[in-house]
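For reference, the structure discussed in these notes is given below.
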Amino acid sequence: MKHLILILTILGLIACSGDTTKADIALASMQCGMCENTIEEGVKGLDGIVAFDVDPDKKIGHVQYKASVI
């Protein structure tokens, strides 16, 4: 849940534009595959998210979203 709130906060702070925007999000406290699945499911369920992928080795989430929606 903390991860989802962090992700939503970061996405909310990114400037709005009409095009698709990419961002990388640090997931420093992610510890297991279950954390990865929970974060992916939560983010992918948000309106405006085009793509989301987690790199568990680097503990980074790569998100592509429509800034006009988020």
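First residue of the sequence shown: 0, per numbering that gives the first Met the number 0; consecutive thereafter. Ideal Cβ positions, reconstructed from N, Cα and C, are used throughout, including at glycine. Predicted model, so just to flag it, every value in this text is computed and none were measured.
Check your understanding: Going by alpha carbons, who is nearest to L5 out of Q63, M33 and I38?
Key -> I38
Check your understanding: With distances taken from CA atoms, which of A22, K21 and L3 is nearest M29?
Key -> L3
Review point. Distance, Cα to Cα, K21 vs Y64?
Key: 6 Å
**Study point:** Every unbroken beta strand (DSSP E) within the region 6-53, with a cutoff of 3 residues, ordered by chain
**Key:** 19-25
Practice item. Locate the beta strand (DSSP E) running through K57, then write down its first and last residues. Key: First-last for K57: undefined, no H or E at that position.
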